[in-house]
Each structure stands twice: as C-alpha cells, then as structure tokens.
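If you count the sequence shown from 1, position 59 lands on 86 in our numbering, and the numbers rise without skipping.
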Amino acid sequence: LVVSHGDKDHAGGLQGVLSNIKVDHLISNKDGYDHRSLSVCKAGMEWVWNSVRFQFLHPPSAKNGSRKLSSNNSSCVLLVEHPAGSILLTGDIEKRIEKKLVKEQADLLNIDVLIAPHHGSNSSSTGAFIQATSPDYVVFTTGYRNSYGFPDEKVVSRYKEFGSDLVNTVSHGMITFNFSDKNGLQLQPGYREVRQRFWHSKV
C-alpha cells in the first residue's frame, strides 16, 4: 500500500484500511505510521511485480533535501509502467516539484494516464509539465462541490488545449483503467455509470 503523504484527504482512512485488509508492506513519505513493514519512499526506489514496473520519482532522500519540503511537495510520486501503458501518481506536488521533475527526469514523464497533481489545483499542472507528461487521460480526484473549487477552470482548460481526455471522480466514482497486452489501455465505465441510482434517472 502506498500513501502519498499524510494529509487527511490522502491518509485519513489509512487505519480503517489496515484494520480490514492485510497489508504486507506500507510505503509513505514519512516513517511515523505504525506498521510492521514500513518504508519511506524516495526517488530511485523501484520494483517489478507481475510484469509491471513501479518506480518512485520523488521525493529525494532526506540528505538530498526532502526535509526542507512542505507536506504537499514531499508527496510520493509513483510511476507505474506496463507494456500496454503507464500511469503517473503525483500526490499533491506543486509547480516547484513539477519543474524539478521536468528538468531532471523528463525521459520518464511521457505517460498515458496522469493523476492530476493536487486534485487539479492551479498551484500545479503547469504547461511545461503537461507538455512533458503528454497524457492521453487525466484523472481529477475531487469531491462534489468541494470548498476549494477543484479542479480549477484554468487547469481544466490547459489539459483540454493539449487534447487530453478528462475524467473526474465526482461524475465517474471509482475509476478503472485496464492494461492488457491484447487490448492495450482501456478506460472502463465509471462506477457511478454502472451502478447508477434510480434518482439519477431522467424523467
């Protein structure tokens, strides 16, 4: 289980998950969690499982400056690569870290699916980062009528101008992508589309 960082909207349900699901190994950006097998993410950590490659691109190790970063900017950034496609999970990183990734690891950033940094806040998703990642799909993880107004309209416009397909947990619910050697990358119907409640029906 990977927890990007400790903010409540990312880690608030962690204890409930750990209480109900067996988690062999927990990875996060800090070592303050109570778990028998805990690792702190840092750039360069990688492993392969069932032909899928996982690699952390950020944060750097403590000796290289991660202690100076804010909670958002110390988020674990995880690249997941399958022969059929790739996905980048960015936590809540902001423009400063996007710039660093583009400068230092641009060769790893060209991906198929991007979890929009910081839920689509205008603190993130710079034009340079969008150009470097060139995502086919962008996922906004937001709540209905959230107080922050995520995703920001400027951010949505930037992704649309690039030509990415946008999906949002508000309208889709749980979002699933299938990666297969036979069919490539496929976005599955959203949970709320498949399990639509009767009060969502048109009359």
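Every residue, glycine too, gets a C-beta built ideally from N, C-alpha and C.
Discussion item. According to DSSP, is Glu73 part of a helix, a strand, or is it coil?
Written reply: The answer is strand: DSSP assigns Glu73 an E or B state.
Practice prompt. Could you please give me the residues that DSSP links to Asn195 through a beta bridge?
Written response: In DSSP, Asn195 forms a bridge with Phe167.
Worksheet item: With Leu65 and Val44 assumed to form a contact (beta carbons below 8 Å), what rounded beta-carbon distance in angstroms separates them?
Response: Taking a contact as a CB-CB distance under 8 Å, the pair Leu65 and Val44 does not count as one, their CB atoms being some 14 Å apart.
Discussion item. With H, G and I counted as helix, E and B as strand and the rest as coil, what does DSSP make of Arg63?
Written reply: In the structure shown, Arg63 adopts coil according to DSSP, grouped into three states.
Worksheet item: Under a three-way DSSP split, which group does Ser113 fall into?
Response: DSSP places Ser113 in the strand class (E or B) of the three-state scheme.
Discussion item. Taking the alpha-carbon of Cys103 as reference, which of Thr203, Ser31 and Ser198 has the nearest alpha-carbon?
Written reply: Closest option to Cys103, Cα to Cα, is Ser31.
Worksheet item: When we look at the beta-carbon of Ile48 and count the other beta-carbons within 10 Å, is it buried (16 or more) or exposed?
Response: Result: exposed.
Practice prompt. Could you work out which residue in Ile54, Ala159 and Ser151 is closest to Pro178 when comparing CA atoms only?
Written response: Selected option, being the one with the closest Cα: Ser151.
Fill in: Tyr164 versus His199: straight-line alpha-carbon distance, rounded
Each residue's alpha carbon lies about 14 Å from the other.
Fill in: Gly211: first and last residue of the uninterrupted beta strand (DSSP E) it sits in
In the DSSP annotation of this structure, the continuous segment of the beta strand (DSSP E) that includes Gly211 starts and ends at Gly211 to Leu214.
Worksheet entry | Sub-7 Å separation of Glu121 and Thr153 beta-carbons | Between Glu121 and Thr153, the C-beta spacing is not below 7 Å.
Worksheet item: Does the Cβ of Asn99 have 16 or more other Cβ atoms within 10 Å, making it buried, or fewer, making it exposed?
Response: Looking at its Cβ environment, which holds 16 or more other Cβ atoms inside 10 Å, Asn99 is buried.
Discussion item. For Ser148 and Tyr175, which I take to be in contact (beta-carbon distance under 8 Å), what is that distance rounded to the nearest angstrom?
Written reply: Indeed, because the Cβ distance is near 7 Å, the residues count as touching under 8 Å.
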